[in-house]
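With UniProt numbering as the guide, the letters of the sequence shown map in order to residues 1 to 86. Please read the structure below before turning to the comments.
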Amino acid sequence: ITSLNMAGNIKDKEAYQRLNFLYQAAHCVLAQNPENTELARFYCLTQKTISKRLVLRQDPSVKRTICKKCCTLLIPGVTSTVRQKS
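Structure below.
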């Protein structure tokens, strides 16, 4: 979920709404069927492309849940493995 208050004066409100929609769509696709990683990856890649083209900052919590290398949405137990160091 993209934070709309980051920019203060939002001139690209529609773009932020689209980024938010794409992020939520990727989550919904993986929640319904965890094997749809390609579609979720496409949504995340589209989100990244839009934010770069329009030079929009994404919320850090959103950026932390998307792989920087392959643009896969990182959901523990579904698309990623979480390990604790002792």
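Every residue gets a Cβ at the ideal spot worked out from N, C-alpha and C, and that includes glycine. Computed from a predicted structure; not experimentally measured.
Report the three-state DSSP secondary structure of residue i (helix, strand or coil).
i	result
Pro76	strand
From residue i to residue j, what does the alpha carbon distance come to, in whole angstroms?
i	j	result
Arg18	Asp12	10 Å
Ser80	Thr65	10 Å
Asn20	Ser86	36 Å
Pro76	Pro34	12 Å
Ile1	Lys69	Only weak support is given to the placement of Ile1: the predicted model assigns it a pLDDT of 49, under 50, and the value that follows is read from those uncertain coordinates. So the two alpha carbons sit approximately 21 Å from each other.
Ala31	Pro60	22 Å
His27	Leu45	13 Å
Gln84	Cys67	19 Å
Val29	Val55	27 Å
Thr49	Glu14	15 Å
Ser51	Tyr16	8 Å
Val82	Gln58	24 Å
Arg53	Val78	30 Å
Taking buried to mean at least 16 other C-beta atoms within 10 Å of its own C-beta, is residue i buried or exposed?
i	result
Thr72	buried
Going by C-alpha distance, which of the options is nearest residue i?
i	options	result
Leu22	Arg57, Val78, Lys52 and Phe42	Phe42
Gln47	Glu35, Gly77, Val62 and Gln84	Val62
Thr37	Leu74, Arg83 and Arg53	Leu74
Leu39	Cys67, Ala25 and Arg83	Ala25
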